[in-house]
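In the numbering used here, the protein residues as written are 618 to 731.
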């Protein structure tokens with residue numbers, strides 16, 4: 618991920634919580650120790666976290682790929698919903714459906730001592 622994107626996402630997150638002293642303290646520290654951060658912060662770019670592609674290395678299902686989208690709930694500022702959408706590549710939907718079957722779950726639960 619590019620530095621510009623990370624700073625823009627940090628700005629989006631911090632602007633959602635203007636009274637959060639933790640963001641303000643981190644902003645002050647980053648601006649002080651990194652001239653590159655200070656320059657990027659001054660550009661005032663904002664970018665939501667948006668979509669992220671994830672590959673899950675599952676021991677029985679292989680490598681399902683999903684796209685996760687972070688969505689803020691306006692009525693609940695602290696709540697983010699992240700649906701995971703199966704991607705067509707690697708036959709992900711079929712792998713996830715199989716994992717939901719009794720056969721796919723077999724061996725997934727391990728006894729715990731005690």
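C-beta: ideal position from N, C-alpha, C; glycine also.
The closest CA to that of residue 671, considering only 661, 650, 702 and 658, is found on 702. For residue 685, the enclosing beta strand (DSSP E) stretches over residues 682-686. Out of 689, 699 and 684, the CA that lies nearest to the CA of residue 710 is found in 684.
Out of 713, 692 and 697, the CA that lies nearest to the CA of residue 676 is found in 713. Here DSSP, grouped into helix, strand and coil, assigns residue 644 to helix.
Annotation for residue 703: the continuous beta strand (DSSP E) segment containing it runs 701-703. Judged by DSSP in its simplified three-state form, residue 695 adopts strand.
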